[in-house]
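Only one structure is covered here, and it is reproduced in the block below.
In UniProt numbering, the protein residues as written are 1 to 298.
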């Protein structure tokens with residue numbers, strides 16, 4: 001459980017800044033924004049995000065999923081322990097921040113990008129209930145991060161015709177008067193018959209987010225009620241029996257430098273060639289160099 005009671009503060013405080021920037025909370029479970037912006041005041045959304053991180057941590061260690069056991073240590077390290085250097089010190093690691101902004105926990109396995117998925121059993125492709133539960137929660141935080149300001153957590157101002165900037169009519173008239181053909185008259189044409197050249201295909205439009213839907217999802221994190229209702233809903237669903245596995249976290253933890261050295265050696269070290277036992281037996285032992293006799297030894 002998260003019980004850092006020494007950090008308890010008055011919930012009615014309206015200060016936008018943290019009273020204790022040098023936090024004594026648990027790094028692994030602090031929200032992505034609390035790690036990136038130590039001056040940020042902790043709000044309910046940060047606390048609920050910490051609950052999700054604890055749930056993810058225990059699920060990766062003890063439930064069946066598509067991350068190989070040999071990669072669990074690395075996944076735990078990059079999600080919970082990693083950090084990035086910033087202009088003010090150290091901030092949240094990339095994997096946790098990406099999970100909060102995309103709604104997916106992505107990791108590298110066998111040279112591919114893989115989204116973490118929890119299975120009903122070790123030999124089953126059916127989804128574990130916690131997979132859908134975490135997917136829903138991560139979707140809420142994805143929406144929250146999309147509609148709130150990065151540093152303060154307050155709602156972003158949407159771009160509308162009223163607050164958007166448009167060039168003045170004077171500037172636009174000057175731009176429209178520019179003869180583009182005259183500017184490039186001395187350049188070789190891109191096509192012998194430019195007028196007949198096919199028009200370039202428009203670039204595919206990026207998938208735009210539904211801001212109204214994001215605002216509605218983000219509102220679920222304003223208090224504890226929606227998450228409590230969600231937990232209650234999933235607790236009433238069927239769960240697999242005996243789904244807890246042995247702890248997949250390496251006993252000695254994950255050591256980034258040691259793995260990098262192991263991978264590097266595996267890629268560059270020449271293979272070891274074993275000689276047959278008969279070949280060793282045929283070798284003559286090295287001769288012992290003879291010492292020159294001295295007058296004293298005579």
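We treat Cβ as the ideally placed atom computed from N, Cα and C, and that holds for glycine.
Under 7 Å between C-beta atoms of residue i and residue j
{"i": "residue 120", "j": "residue 217", "result": "no"}
{"i": "residue 113", "j": "residue 123", "result": "no"}
{"i": "residue 92", "j": "residue 36", "result": "yes"}
{"i": "residue 234", "j": "residue 73", "result": "no"}
Where residue i falls: helix, strand or coil (DSSP)
{"i": "residue 73", "result": "helix"}
{"i": "residue 196", "result": "Note that residue 196 scores 46 on pLDDT, short of 50, meaning its location in the model is unreliable and no value can be drawn from it."}
{"i": "residue 110", "result": "coil"}
{"i": "residue 119", "result": "strand"}
{"i": "residue 224", "result": "coil"}
{"i": "residue 97", "result": "helix"}
{"i": "residue 144", "result": "helix"}
{"i": "residue 36", "result": "helix"}
{"i": "residue 246", "result": "coil"}
{"i": "residue 127", "result": "strand"}
{"i": "residue 253", "result": "coil"}
{"i": "residue 88", "result": "coil"}
Supposed close pair residue i, residue j - CB separation, criterion 8 Å
{"i": "residue 67", "j": "residue 116", "result": "6 Å"}
{"i": "residue 134", "j": "residue 55", "result": "7 Å"}
{"i": "residue 232", "j": "residue 226", "result": "Not a contact, Cβ separation roughly 11 Å."}
{"i": "residue 29", "j": "residue 65", "result": "Not confirmed; about 19 Å, so no contact."}
{"i": "residue 77", "j": "residue 256", "result": "7 Å"}
CA-to-CA distance, residue j to residue i, given in whole angstroms
{"i": "residue 75", "j": "residue 40", "result": "27 Å"}
{"i": "residue 104", "j": "residue 96", "result": "10 Å"}
{"i": "residue 34", "j": "residue 222", "result": "17 Å"}
{"i": "residue 109", "j": "residue 250", "result": "17 Å"}
{"i": "residue 148", "j": "residue 90", "result": "22 Å"}
{"i": "residue 213", "j": "residue 146", "result": "11 Å"}
{"i": "residue 85", "j": "residue 176", "result": "46 Å"}
{"i": "residue 215", "j": "residue 45", "result": "14 Å"}
{"i": "residue 228", "j": "residue 42", "result": "20 Å"}
{"i": "residue 81", "j": "residue 27", "result": "7 Å"}
{"i": "residue 209", "j": "residue 94", "result": "22 Å"}
Proximity to residue i [Cα-Cα], best of the options
{"i": "residue 102", "options": "114, 237, 143", "result": "143"}
{"i": "residue 132", "options": "118, 124, 123, 122", "result": "118"}
{"i": "residue 247", "options": "128, 90, 32, 70", "result": "70"}
{"i": "residue 125", "options": "82, 240, 249", "result": "240"}
{"i": "residue 79", "options": "46, 226, 99", "result": "99"}
{"i": "residue 58", "options": "245, 177, 252", "result": "245"}
{"i": "residue 242", "options": "128, 49, 94", "result": "128"}
{"i": "residue 49", "options": "170, 88, 32", "result": "32"}
{"i": "residue 60", "options": "211, 44, 130, 46", "result": "130"}
{"i": "residue 87", "options": "229, 173, 38, 27", "result": "38"}
{"i": "residue 47", "options": "170, 174, 252, 224", "result": "224"}
Any chain B beta carbon closer than 7 Å to residue i
{"i": "residue 94", "result": "No chain B is part of this structure, which consists of one protein chain only."}
Residue i CB to nearest heavy atom of the ligand ADP below 6 Å
{"i": "residue 71", "result": "Absence of the ligand ADP from the depicted structure is noted, as is the absence of any ligand whatsoever, leaving it without description."}
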